[in-house]
Every structure is written in structure tokens, then in C-alpha cells.
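In what follows, a structure is listed as C-alpha cells, so that the remarks can point back to it.
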Amino acid sequence: MEFGDNRAPLQFMLVELPSERDRKQATQGTCMGISRLVAMEIFTNPADLDITIGQAREGDKFAIGIFRGPGHRGKPLLTSQPFAVTAEEAVESIRELLEGIRQVMTKEFEDDASVFSRYLNPDHRTVDESKVLSAELIARIVEKLKQDRSASTYAMLAQTG
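Residue numbers (the working numbering): 100 to 260.
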């Protein structure tokens, strides 16, 4: 997941396939694109996210959504068409997506030539894990999604305050 010099949108391997076996064998598929700006917004607002997994009717495929929290009136950041056969597959897709955002944006913040780094990290400091989407928070989000199919980071972080 590289940005490259042309600053193209991030691409994550979230493919719609009929089975997990096929997914593991896939080398290409329908990818969900996410812009650098959306990735940055998710990465830098860890305490104001709503993440959901849903299906229209019992037996339908699952879709995912990432929204800003009440501070931004639930602004949609990323939504998908139904693609996951199981809720577990949708949870794993969200985990992969958030981990990809975390890895790419961490590199971006450490890159002195990056526009994001020059604006948000002008002193070139190490990324403060408490102010960005961290591996620990991703793990908590995943556990909450497994339980409830929804995770609100603003509620999660308010409880540990």
C-alpha cells in the first residue's frame, strides 16, 4: 500500500468473492479505494469514529461503514456495498482496512516531504499513539465489532478516559 509520487488514492484488498478460500487465492479483484484525505481523517480522529457492520435482511451479505461521531453529525467517511458472506469476514475486512490506514499514515507522518507531515507534524516528532489510530485501538474496535457489529470510539475512549 504505497502512495507513490502521484498521490493516488490508497487501495485496499477488500474483494467480493463467494468464499474465504477464493479470497485467499485472489490476486486481484474489485478493490475499495480510499483517498489520502479520508485515510488521514480516520487516522487523526481516533476518538470520534463510528464503525458499523450491517445487512439489509437476515441471510443477506454484510456491508461496512465508517463514520465520524457526534462531533461531526455522523459524517460518512467510507461505506461499502454488501460483500461479506459472514459478519466475521466483514470484521476482518475492517481490521485489514484500519491496519492498512495505520501503517500507511504512520509512514506518511514520518516522511519529511509529505504534505500531511509538513502540516500536521512540522517538528517531525514521533507519532503520538494516543492521538492517532493505534494498533491497540484497532484491536479494541475489532473486539467490539465481534460482539455488537458496531464500535463507537468516542464511547470506548470516554470509558477509559
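The C-beta atom is built at its ideal place from N, Cα and C for all residues, glycine as well. Just so we're clear, the structure is a prediction, and the values are computed from it rather than from any experiment.
Range covered by the alpha helix (DSSP H) that runs through residue i
| i | result |
| --- | --- |
| Ser192 | Ala186 to Glu209 |
| Leu136 | Arg135 to Thr143 |
| Leu177 | Looking at the DSSP string, Leu177 is not in any alpha helix (DSSP H); the run it does join, the beta strand (DSSP E), is Pro175 to Thr178. |
| Arg217 | Val214 to Leu219 |
Span separating the alpha-carbon of residue i from that of residue j
| i | j | result |
| --- | --- | --- |
| Gln127 | His171 | Summary for Gln127: the model assigns pLDDT 35, below 50, so the residue's position carries little reliability; its value from the coordinates is reported in the next sentence. Each residue's alpha carbon lies about 35 Å from the other. |
| Val190 | Val214 | 31 Å |
| Asp159 | Ala234 | 31 Å |
| Glu157 | Ser179 | 18 Å |
| Arg167 | Ala155 | 22 Å |
| Ile163 | Pro181 | 8 Å |
| Glu195 | Arg248 | 16 Å |
| Ala241 | Phe161 | For the record, residue 241 in the displayed sequence is Val; it is not Ala. Their backbone Cα atoms lie some 16 Å apart in a straight line. |
| Ala138 | Ser229 | 17 Å |
Spatial neighbours of residue i in its chain, beta-carbon cut-off 7 Å, leaving aside the 5 residues before and after
| i | result |
| --- | --- |
| Gln124 | Residue confidence for Gln124 is low, a pLDDT of 43 falling below 50, so the modelled location carries little weight; the figure read from the coordinates is stated next. Result list for Gln124: empty, nothing under 7 Å. |
| Ile165 | Ile141, Leu148, Ile150, Leu176 and Leu177 |
| Leu244 | Ile150, Ile152, Val190, Ile193 and Ala250 |
| Ala146 | Thr252, Tyr253 and Leu256 |
| Asn220 | Phe208 |
Cβ-based burial, residue i [other Cβ within 10 Å; buried from 16]
| i | result |
| --- | --- |
| Leu197 | buried |
| Leu236 | buried |
| Leu136 | exposed |
| Ala212 | exposed |
| Ala238 | exposed |
| Arg201 | buried |
Boundaries of the beta strand (DSSP E) in which residue i is found, first to last residue
| i | result |
| --- | --- |
| Thr225 | First-last for Thr225: undefined, no H or E at that position. |
| Phe166 | Ala162 to Arg167 |
| Ala250 | Ser249 to Ser251 |
| Leu148 | Leu148 to Gly153 |
Residues of its chain near residue i, where Cβ-Cβ distance is below 6 Å and the 5 sequence neighbours each way are ignored
| i | result |
| --- | --- |
| Val226 | Thr205 and Phe208 |
Which listed residue (the options) has its alpha carbon closest to that of residue i
| i | options | result |
| --- | --- | --- |
| His223 | Asp210, Ser229, Val231 and Leu232 | Asp210 |
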